[in-house]
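For the first sequence, the UniProt record's numbering begins at 1 and goes up steadily by one.
Ideal Cβ placement from N, Cα and C applies to all residues, glycine included.
These numbers were taken from a predicted model, which means no experiment stands behind them.
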Amino acid sequence: MPEGHTLHRLALDLDAAFAGDTTWSSSPQGRFVDGAARINGRLMEKAEAYGKQLFVAFAGVEEQVRIHLGLIGGLAVHESPPGTGGVGDLGARPVVGQVRWRLESARSWADLRGATVCTLLTPEEQAAYVARLGPDPLRDDADPDRAWRRINRSRVSIAALLMDQAVLAGVGNVYRAEILFRHQLDPFMEGRFLRRAEWDAVWGDLVGLMAYGVLHNRIDTVRPEHEPEAMGRPARKDDHGGEVYVYRRTHQPCLVCETPVRTEVVAGRNLFWCPRCQPRSRRRTPVRG
DNA sequence: GAGCCATGGAGAA
DNA sequence: TCTCCCTGGCTCC
């Protein structure tokens, strides 16, 4: 679930549910007790995502909540049905499982589970953390040149660079595989061999795909001509639901050329690609700036 | 119902 | 490179 689009969507959902309201915080699981106590009873000001990080600000509290969902974390935002909900109303808002942080207001509540990180950061700590991240395609303040400068001089594979949050913030394993396919790029090509025009195209495509992901809350990457209806094929059905070209389609025929999709574990993560649409690159001359 | 695996990343070794 | 986090959707029985 959590690539960058998920966190940006959650920021929007949290704002819609809580911004401007007095909130109550608790940690039923017990691992965020001190932090929850610090913000308890405060007005929620704003939630904001940067890459896969989510920050939540409260009035009158210098620190912000920093959340990282990791691989298995989730943040469920609910609205109280009219007349049934209320702060502390455990009948309407039961605690199920290990709830790290519960945020409540008169009209909504949210439960955080399984997150890698849930902590309070001072403004200085937050600034230092964000400064370590690469540009986020979903943010208006993103500077794609910063990522290009890292990629352009790197001997690391483009597949690994796209997943490096210090190079690019918010891209995960699905967008990585799909963007490489859509641009017919060899995942194992070193970053320094990527051409500037290719990077510009990749960045622009990520901006569009990820914005779509925020809007629809899922990852869809296939072009209209490769959608199930257009090809007369069954729609994909699995836990993320979106239509994709190669991600988790090992041994299945490529939607474009029918060559079986390949997979390989690279740096501990599964990489998927089409060996025909994304052939081994023959580039040998470094491309500069 | 049990077991497996996953869109991530920190920290240990 | 391995372990942990300890959720949740899927497959298999």
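Should Glu3 be labelled buried (16 or more other beta-carbon atoms within 10 Å of its own) or exposed? buried
Suppose you measure from the CA of Thr119 to the CA of Pro228; what does that come to, to the nearest Å? 43 angstroms
Can you list, in chain order, the residues of its chain with a C-beta nearer than 8 angstroms to that of Leu138? Leave out the 5 residues immediately preceding and following it. Gly4, His5, His8, Ala49, Gly170, Val207, Met210, Ala211 and Val214
Simplified DSSP assignment, three categories, for Met231: helix
Contact check, Ser108 vs His78 under 8 angstroms by CB: the rounded distance? 6 angstroms
Mind checking whether Val246 and Ala177 have CB atoms under 8 angstroms apart? yes
If you scan the stretch 107-144 from start to end, which runs of the beta strand (DSSP E) of 3 or more residues do you find wholly inside it? Segments of the beta strand (DSSP E) lying fully in the stretch 107-144: 108-113 and 117-121.
From the DSSP output, read off the bridge partner residues of Gly74. Arg113
To the nearest angstrom, how far is it from the Cα of His251 to the Cα of Thr263? 8 angstroms
Counting only the same chain and skipping the five closest in sequence on each side, list residues whose C-beta sits under 8 angstroms from that of Val287. Confidence is the limiting factor: at Val287 the pLDDT is only 45, short of 50, which leaves the residue's position unreliable, though a coordinate-based value still follows. The answer, listed in chain order, is Asn152, Arg192, Phe193, Leu194, Arg195 and Arg196.
Rounded C-alpha distance that separates Arg149 from Leu54: 26 angstroms
Within its chain, find whatever has a CB closer than 6 angstroms to the CB of Phe188; leave out the 5 residues flanking it on each side and keep chain order. Ser157
Nearest-angstrom Cα separation, counted from Gln29 out to Pro94: 13 angstroms
Per the DSSP calculation, Asn270 is bridged to which residue(s)? Among the bridge pairs identified by DSSP, Asn270 is matched with Val265.
I need the DSSP call for Phe18, collapsed to helix, strand or coil. If DSSP states are grouped into helix, strand and coil, Phe18 belongs with the helices.
Among all the DSSP beta bridges, which residues are the ones paired with Arg102? Ser26 and Asp111
Length of the line joining the Cα atoms of Gly289 and Trp199: Bear in mind that a pLDDT of 43 at Gly289, under 50, signals an unreliable position, so the number given afterwards is only what the model happens to contain. About 11 angstroms.
Alpha carbon to alpha carbon, how far is Leu121 from Ala131? 14 angstroms
Using the three-state DSSP reduction, which class does Leu10 fall into: helix, strand or coil? helix
Using only alpha-carbon positions, find the residue among Arg113, Gly20 and Gln126 that is nearest to Gly70. Arg113
Roughly how many whole angstroms lie between the Cα atoms of Gln184 and Gly74? 33 angstroms
Between the alpha carbons of Cys277 and Asp145, how many angstroms are there, rounded? Computed Cα separation, rounded: 27 angstroms.
Since Val33 and Arg66 should fall inside the 8 angstroms C-beta cutoff, what is the C-beta to C-beta distance between them, to a whole number of angstroms? Not confirmed; about 16 angstroms, so no contact.
For Glu258 and Arg226, the rounded distance between their alpha carbons: Here residue 226 turns out to be His, not Arg, going by the sequence shown. Taking the CA atoms as reference points, His226 sits about 12 angstroms from Glu258.
Starting from the C-beta of Asp143, find all residues in its chain whose C-beta is less than 6 angstroms away, skip the five residues before and the five after it, and write them out in chain order. Pro135
Could you tell me how far apart the beta carbons of Ala166 and Leu180 are, in whole angstroms, since I believe they sit closer than 8 angstroms? Contact flag wrong, Cβ pair sits at about 19 angstroms.
Using DSSP bridges, identify the partner residues of Arg66. Arg66 is bridged to Phe55 and Thr119.
Residue environment, Met231, which counts as buried when at least 16 other CB atoms sit within 10 Å: Flag for Met231 reads exposed.
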